[in-house]
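Presented below is the structure to which this report refers.
Residue numbers (the numbering used here), protein chains in the order written: chain F, -18 to 302; chain E, 295 to 661; chain Z, 0 to 506.
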């Protein structure tokens, strides 16, 4: 069990959760709950893979992946913003739609080898002792994008005017409305952003971190973990990034636990009976529940928690919000 | 374009016409089929041939109809499970996991064994029913408790437990109770098999090969019970009230915590019963794949049926048909896509229940 | 652009919503430098008319001229651009953001990076100009209601508004604060602003307005009449359409034994701040104890600890039985009825029928409750009886609660709460937002209960109502009782002082 490898791997797989999670943060901050992340991620994974194959350019694939997922999320936006349908069920339908489209259109992609997003190392930084190789050596370009994206997102949300408007729409849409801000416009925009980022997360999987197309196994529940991560992160992009990296590291750690015959000097039960590995596989999901409980209790204690208008359709003139 | 009238979308002021919810449900299905057909044509398939095949493969003769009903059986129970949870605005996405939990606990009766192997069929099956429901109830209890006590989002917790249930199941069938190293337990003894029409083949040859089993009776009974709960029982009233306005329910003295846990347990128990029905009536063993995504399809069934127990039966038959036909139809993801489109259409069409289209003649403006 | 003495001219305005005609050919004019009152009872259409002026709705027909120029507002931004600023009744403020952030919401400057410190200074300067003091860096949810209102006003002034609309501004203020507000309005007018002041309270309107327009059920019954020579009686008649009796009949009655005893109770509000501070009071059989106070001083929390909806320390006894920190079912079993502050969010279930709403507390008892089931035929009979007795207007008992008007919904709640023959009632803002007819009905019902010996704790923001209904009035301020006086012969000034924190001197 090499901790450096675990951390390194965690940063890579965590980037997936980072993109999907921050995308969800943007959408939820505007008041729209989109549970379809898993479906949009899968769609993004497939679209990125497929377009990279047909165009010969992984970056084009990436862009199309983002766009496809973004467009799909607009359907959710229309139904929840204009039709004011229940956001939970609409998001679930999006999961089905995204997954279904991905599986149908992705027929025959398994085993193909399209161009991928390359791995790079940053010259000076990767020479820093201990941290250098872990953080800056041999990572997908997207991982480095993630390093910048999280703090930039935080800054955008908390220190800029558009970020202030975003927060206002999610907290008290009537206040934003009377000051001339288009509540619907803001919500559509960030729903789209959330969708694009989910698509990006998916493409990060298939074109970079875990390359390949494995049908529904490609995302294997990470979209849902990303949604839980948002609550754990208290809608803060920096915490979402950290949480994502932590989860990634844990998942790698679990894999590595099954390998060696000796574990910290004791006989490794997993080495003896590989079926015990199933319990390890449960761990990320149980941990998600733990993270969620922690996040919910923190929210209750601080009494602030989620954006006040999250999940509530906005109608001008109605009492309440 | 200066028309003598204008079209307006307005919030509905009178009551929703009684036929509208059913019409939107049926309309959603029709449109979903249309869209799927278009997608199919887009990727080079033949929609009309597929549609014809669909009807032949699902309702064409008694044998395939029985297959459809066999697939519908777990859907009825899971649809009811989702319906009772959704009535109280508890989003139970974990019916799949509760199904597996129910299957596992029911299997324990045979695998441990909890009941002597030579016990009469009624005892064995009865024990399996009870254990199946207990297993599902336990699986529903945990998310319910977390929600009631700590307001933890039940969508995620129930979903996560789906994965946990499957891995849990896998361990036991790969390891301790594996049948010679295969990923499944040995076939259950006949006393653990739910009776099916094929059993009567000797007296009634027409039933030969018909796999319809007693599980469907469970489903029908459950539907009647849930109908009574929703419409006539005190508990059903409480569920309605809490689902509509939990603040008011609390003010009225209802115990919300207790009800959340209870509803999640009942929901889980119904899904668990479906699990027991499936292993005892269909596969006759515990194995890795016992669900064709019933837990998720059940969500759509409940929503399309507008949480009405009897409508759940009808919708389950439709989706049972989709599953039967979907086994043969390429590409594999089409059934999934179809379900997604149906659900999407249903929620979009809900807007028609809240808004009405009014054509207003322009001269009529002055009152 | 013509040269005109009118800042605003609204001509022939018709506003139609699905199923209701909110404004029917209304004319309203606002002269430059005047305070124009828009009067009418709840539901008359005043807020709707002003929402059109503020750019939130478009009229179905009619024209609007601002300083002589015909305008067509497509959004609030257009109205703001023309110098119109609205101070809403329910504040449009984001609770988690600071004063400065709220004031800067929706503007173009600063464009991207929010360097708040610079703007904090600008806002302080603005405050000095108008005498409206509040800390720019404070988060809204920390501020008192009066301070929040100041932020609402500053929002409009920062945008250069010269036409200001105040929508029911005094509802949340103590008498002294109302005087301050009137002063502020007068000084704004002196600086060249024009003000429209929406209210349903006659005494305030007569104190400050130059001209008035009265709306009744969407129609203007008086347009721009001068305040000179108009009596309150005439105004009331214009508002309601018939002679209005100002006081309900209250028979003198001796209070009986103590029913409710609140001793040294402390509790926190939803934000974790102390809302009740070792508060004590007693309520007796057959009396109405009014609780007066500016919104946010602990009244809501007081009602909630008594009815079991909020935890607390201290003792609350009903007929000798301890009910503090017990679930609501305990209070209900002890014979306490509760008319909650929010009739739609707490008091009723919107998508349930009238029947289902009326049996909310007694669905377990025969003949409605029958073992595990509910006999809905009996329930409907019961509901029909209540509908008739309380004159609830609705197509049938199968009608969903959300279709009912405020007054009828409140009657459903009262019907339900009274028919359990309670020993004690907690009524919080029972007549808020209702028209005069409904108010009279509710007040009569409360007095009726008092005569039958029910002890009533009445929390209300309308001092007039408290004075006419209560036997004694307790004033609450920052979670403590400042003093309790007899309603008979109570001095409004003294009450006002107590409402703003002056303790009653020991007698």
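Note that CB positions come from ideal geometry on N, CA and C, so glycine has one too. Source: prediction; values computed, not measured.
Inter-residue spacing [alpha-carbon to alpha-carbon] between residue i and residue j
i: residue -10/F; j: residue 124/F; result: 11 Å
i: residue 358/E; j: residue 611/E; result: 12 Å
i: residue 506/Z; j: residue 480/Z; result: In this prediction, residue 506/Z scores a pLDDT of 39, lower than 50, which makes its location untrustworthy; no coordinate-derived value is stated.
i: residue 267/Z; j: residue 501/Z; result: 22 Å
i: residue 663/E; j: residue 186/F; result: There is no way to answer for residue 663/E, as the model of chain E reaches only from 295 to 661.
i: residue 58/Z; j: residue 279/Z; result: 52 Å
i: residue 155/Z; j: residue 106/Z; result: 12 Å
i: residue 314/E; j: residue 651/E; result: 13 Å
i: residue 517/E; j: residue 474/Z; result: 57 Å
i: residue 155/F; j: residue 75/Z; result: 11 Å
i: residue 262/F; j: residue 193/F; result: 21 Å
i: residue 298/Z; j: residue 175/Z; result: 19 Å
i: residue 578/E; j: residue 407/E; result: 15 Å
i: residue 2/Z; j: residue 9/Z; result: 17 Å
i: residue 643/E; j: residue 593/E; result: 17 Å
i: residue 326/Z; j: residue 544/E; result: 9 Å
i: residue 416/E; j: residue 409/E; result: 11 Å
i: residue 530/E; j: residue 443/E; result: 22 Å
i: residue 495/E; j: residue 502/E; result: 5 Å
i: residue 484/E; j: residue 249/F; result: 40 Å
Contact check, residue i vs residue j, beta carbons under 8 Å
i: residue 190/F; j: residue -4/F; result: yes
i: residue 355/E; j: residue 558/E; result: no
i: residue 26/F; j: residue 184/F; result: yes
i: residue 466/Z; j: residue 204/Z; result: no
i: residue 130/F; j: residue -13/F; result: no
i: residue 94/Z; j: residue 152/Z; result: no
i: residue 413/Z; j: residue 446/Z; result: no
i: residue 273/Z; j: residue 478/Z; result: yes
i: residue 79/Z; j: residue 70/Z; result: no
i: residue 120/F; j: residue -8/F; result: yes
i: residue 627/E; j: residue 32/F; result: no
i: residue 308/F; j: residue 175/F; result: Chain F is shown from -18 up to 302; residue 308/F falls before or after that span and cannot be answered.
i: residue 82/F; j: residue 39/F; result: no
i: residue 566/E; j: residue 430/E; result: yes
Given residue i as reference, the closest of the options once Cα atoms are compared
i: residue 511/E; options: 317/E, 645/E, 335/E, 607/E; result: 607/E
i: residue 460/E; options: 342/E, 528/E, 391/E; result: 391/E
i: residue 585/E; options: 570/E, 410/E, 595/E; result: 570/E
i: residue 51/Z; options: 424/Z, 12/Z, 392/Z, 34/Z; result: 12/Z
i: residue -15/F; options: 275/F, 268/F, 37/F, 237/F; result: 237/F
i: residue 434/E; options: 579/E, 321/E, 448/E; result: 448/E
i: residue 408/Z; options: 458/Z, 345/Z, 449/Z, 150/Z; result: 345/Z
i: residue 465/E; options: 645/E, 643/E, 398/E; result: 398/E
i: residue 212/F; options: 77/F, 278/F, 178/F; result: 278/F
i: residue 84/Z; options: 96/Z, 55/Z, 100/Z; result: 55/Z
i: residue 454/E; options: 253/F, 80/F, 164/F, 204/F; result: 204/F
For residue i, the residue or residues it bridges with in DSSP
i: residue 473/E; result: 476/E
i: residue 15/Z; result: 20/Z
i: residue 9/F; result: Residue 9/F pairs with nothing; no bridge assigned.
i: residue 507/Z; result: Outside the shown range of chain Z, which is 0 to 506, sits residue 507/Z, and nothing can be said about it.
i: residue 316/Z; result: 260/Z, 321/Z
i: residue 247/F; result: 244/F
i: residue 165/Z; result: 86/Z, 196/Z
Any beta strand (DSSP E) of 3 or more consecutive residues that is wholly inside the stretch 390 to 468 of chain Z: The stretch 390 to 468 of chain Z contains these whole beta strand (DSSP E) runs: 423 to 427, 454 to 458.
Length at least 3, wholly inside the stretch 216 to 275 of chain Z: the beta strand (DSSP E) runs in chain order: The qualifying runs are 218 to 225, 257 to 267.
Those runs of the alpha helix (DSSP H) which lie wholly inside the stretch 82 to 154 of chain F and span at least 4 residues: The alpha helix (DSSP H) runs of length 4 or more contained entirely in the stretch 82 to 154 of chain F are, from start to end of the chain, 112 to 117, 122 to 140, 142 to 152.
Any alpha helix (DSSP H) of 4 or more consecutive residues that is wholly inside the stretch 352 to 423 of chain E: List check, alpha helix (DSSP H) in window: 356 to 381, 389 to 405.
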